[in-house]
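The structure under discussion appears below in the form of C-alpha cells.
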Amino acid sequence: MSHRLRLYSRKGNTMQNAPDRAAHIERIAALNDTLRANITKPTGLDRIVMTAGIAGGIGDVTTWSGWRKRAELLRTVRDFDAFSPDSPERDFGRFEWQEAVCYFKIDY
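Numbering (our numbering), first residue to last: 25 to 132.
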C-alpha cells in the first residue's frame, strides 16, 4: 500500500532570476528545502494536501494519538534527506511510515 502527501508552494516563477539551468535547479531546491523546513507553519499560499490514505493513517487529530501521528509524519517529511539523483530539486521523496510506503511531492 502506498500513500501520497503533496505540498504546494506559490513562490512564483524562479526561472526569471536564474541565468542557467543549474542555478534554476538550485534555486528551486532551496525553496523546497525552506518549505519542508517550515512544514508545520506554511505561509502565504503554501498548503499541504494529504490523500485519504494518509489522513486515515493519522486518524482524528483532536486526540493525542492522531496529533502525535501527524506531527511524526510532518517531521519525517521535514527531515527527509534521501533524495535520489533524479530529484535534484529535492521535490519528491519516498519513505515508510506506519508500515506503508509513502511519497511526498512539492509542486508549484
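Cβ atoms here follow ideal geometry from the backbone N, Cα and C, with glycine treated the same way.
Source: prediction; values computed, not measured.
Would you kindly report the start and end of the unbroken beta strand (DSSP E) that includes residue i?
{"i": "F118", "result": "The identity of residue 118 in the sequence shown is Arg, whereas the question assumes Phe. Run containing R118: F116 to W121, per the beta strand (DSSP E) assignment."}
{"i": "D131", "result": "A124 to D131"}
Whose C-alpha, out of the options, is nearest the C-alpha of residue i?
{"i": "I49", "options": "G80, V125 and P112", "result": "P112"}
{"i": "E96", "options": "I82, P109, G68 and F107", "result": "I82"}
{"i": "R114", "options": "G80, D44 and L55", "result": "L55"}
{"i": "I130", "options": "R94, V85 and A61", "result": "A61"}
{"i": "G117", "options": "A76, E123 and D105", "result": "D105"}
Between which two residues does the alpha helix (DSSP H) harbouring residue i extend?
{"i": "D44", "result": "No alpha helix (DSSP H) contains D44, which DSSP labels as neither H nor E."}
{"i": "A95", "result": "W88 to D103"}
Tell me whether the beta-carbon of residue i lies closer than 7 Å to the beta-carbon of residue j.
{"i": "V101", "j": "I63", "result": "yes"}
{"i": "G90", "j": "D84", "result": "yes"}
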